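First up is the structure itself, then whatever we jot down about it.
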Amino acid sequence: MNSLTTLSDGETYADVRFGDDFIVTIDRTARKDAITIRVFHPDTPETPVGEHHLNLSLDDDSGLGTPSESTDPTGALG
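One gets this note's numbering by counting positions in the sequence shown from 1 and adding 2 to each.
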């Protein structure tokens, strides 16, 4: 069963768990006009298998909704 919880550390906005498969965290960046989305596998929750940074600025030059960086540090995604 999927669950959505808000963590109390004040930095992570959501912690989404998809059964026993993946954990997804959504965090505001230091700039506050962007978010970072990280995907973790439950067997190695300390190391993200994927990470995306999204700019939320309303400026026309901001690239709204465009990932500024995407990583797969372990090659787990193929």
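Every residue gets a Cβ at the ideal spot worked out from N, C-alpha and C, and that includes glycine. On a predicted model such as this, the values are computed, not experimentally measured, just so you know.
Under the 10 Å beta carbon count, T46 is surrounded by fewer than 16 other beta carbons and is classified as exposed. Straight-line measurement puts the Cα of V51 at about 21 Å from the Cα of N57. In the structure shown, L56 adopts extended strand secondary structure according to DSSP, grouped into three states. Residue environment for T49: exposed (fewer than 16 other C-beta atoms within 10 angstroms of its C-beta).
If you draw a straight line from the Cα of F24 to the Cα of R30, it comes to about 20 Å.
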